[in-house]
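Step one of this worksheet: look at the structure below.
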Amino acid sequence: MSLTPDYIESIITGEEYYVLAGSTHTICHLTVHGNVTVTGSSDCIDPADFDAEKGRVAARRRAVDKLWELEGYRAKVGAKC
Numbered sequence: 108m109s110l111t112p113d114y115i116e117s118i119i120t121g122e123e124y125y126v127l128a129g130s131t132h133t134i135c136h137l138t139v140h141g142n143v144t145v146t147g148s149s150d151c152i153d154p155a156d157f158d159a160e161k162g163r164v165a166a167r168r169r170a171v172d173k174l175w176e177l178e179g180y181r182a183k184v185g186a187k188c
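Residues in the sequence shown are numbered from 108 upward in steps of one, following this note's numbering.
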């Protein structure tokens, strides 16, 4: 198995975003392999600078980074979903 950006994107079967009420904290939940959730989050230091789209992009990037780590481990040990 070779890990590529296309492969990582292909295993994402769903994504949801949440901004915690009264905050600038954005959470991204990626569903992979149909039943596993990987999360990433972002926050903004100054609420006046908060941009929801930038928050989603940063949170997703962090979730995808975690997914790379998990899939790399899975590929290395030969685990099957």
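Just so you know, even glycine gets a beta-carbon here, dropped at the ideal spot from N, CA and C.
Apart from the 5 residues on each side of it in sequence, Thr146 sits with its Cβ closer than 7 Å to the Cβ of Ile134, Cys135, His136 and Ala170 in its chain, given in chain order. Annotation: the continuous alpha helix (DSSP H) that includes Gly162 extends over Ala159 to Val184. With contacts defined by Cβ atoms closer than 8 Å, Glu122 and Arg167 form a contacting pair. Non-local beta-carbon contacts of Leu110 in its own chain, meaning distances under 8 Å to residues more than five positions away in sequence, involve Trp175, Glu178, Gly179 and Ala182 in chain order.
Put simply, of Ile115, Pro112, Ala165 and Asp153 the residue whose alpha carbon is nearest the alpha carbon of Ser130 is Asp153. C-alpha of Thr138 to C-alpha of Asp172: approximately 14 Å in a straight line.
Under the criterion of beta carbons closer than 8 Å, Ala159 and Val126 qualify as touching, at roughly 7 Å. Between Gly141 and Ser149, the CB-CB gap reaches or exceeds 8 Å.
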